[in-house]
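Participant: Each number in our numbering corresponds to the 1-based position in the sequence shown with 1355 added. Got a structure for you, written out below as structure tokens; questions coming shortly.
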Amino acid sequence: GLFSGLEHLVVLDLAHNELTTEWVNGETFRGLVRLIVLNLAHNDLTKVDTILFRDLSSLQVLNLESNQISVIAEGAFSGMYNLHTLLVSHNDLKIIDPFICNGLFVLSFLALDNNGITSVAPNSFQNCSN
């Protein structure tokens, strides 16, 4: 991945960089198994794929605020067993799909404000800790 050789990295702040979904992909964070905080706020991301965060099992805080995210794939956050803070405010999410929190057993803070949400699937928050 882009950050190979930095396997001891615990905080990565990529906010305010005009990063796009084409640049931030399944290989970008590969191998960052010790990463605890990832800040991708204020970029140009449009979607969160299933494989985007697959190696980030130690992640505790994920900030995706103020992007243009309209789609979060089912299972995008599965495997992130230590994630307690997920910030997705100020994006373009209109629909909250089922099982968005699947596998987020210690999630204690979820921010979805300022998205213009029009529909929330019945099972969207099933398997969330709180």
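Using N, Cα and C, we set each Cβ at its ideal position, and we do this for glycine too. Quantities reported herein were computed from a predicted structural model and do not represent experimental measurements.
How is Leu1442 classed by DSSP in three states: helix, strand or coil?
Facilitator: As a first step, residue 1442 is located in the sequence shown; it is residue number 87 there, counting from the start. Strand at Leu1442.
Participant: Smallest Cα separation from Phe1460: which of Ser1433, Leu1393 and Ile1391?
Facilitator: In the sequence shown, the residue the question calls residue 1460 occupies position 105. For the residues Ser1433, Leu1393 and Ile1391, the minimum Cα distance to Phe1460 belongs to Ser1433.
Participant: Going by C-alpha distance, which of Gln1481, Thr1376, Pro1453 and Ser1474 is nearest Gln1423?
Facilitator: Against the sequence shown, residue 1423 aligns to sequence position 68. Comparing Cα positions, the closest option is Thr1376.
Participant: Would you kindly work out how many angstroms separate the C-alpha atoms of Thr1405 and Met1435, rounded to a whole number?
Facilitator: Within the sequence shown, the letter at position 50 stands for residue 1405. Within the sequence shown, the letter at position 80 stands for residue 1435. Those two C-alpha atoms are separated by around 12 Å.
Participant: CB-CB under 8 Å to Leu1414, same chain, minus the five flanking residues each way: which ones, in chain order?
Facilitator: Residue mapping note: residue 1414 aligns to position 59 of the sequence shown, counting from 1. Closer than 8 Å at Cβ, skipping near neighbours: Leu1390, Ile1391, Val1392, Leu1393, Phe1408, Met1435, Asn1437 and Leu1438.
Participant: Which residue or residues does DSSP assign as beta-bridge partners of Val1403?
Facilitator: For the purposes of this step, residue 1403 is taken as residue 48 along the sequence shown, with counting starting at 1. Paired residues: Ile1427.
Participant: Could you check what DSSP says for Ile1391 in three-state terms: helix, strand or coil?
Facilitator: Position 36 of the sequence shown, counting from 1, holds the residue named residue 1391. Three-state result, Ile1391: coil.
Participant: My output table needs one value for Asn1418: the three-state DSSP class, helix, strand or coil.
Facilitator: Here the question's residue 1418 lines up with position 63 in the sequence shown. Looking at Asn1418 - three-state DSSP - the assignment turns out to be strand.
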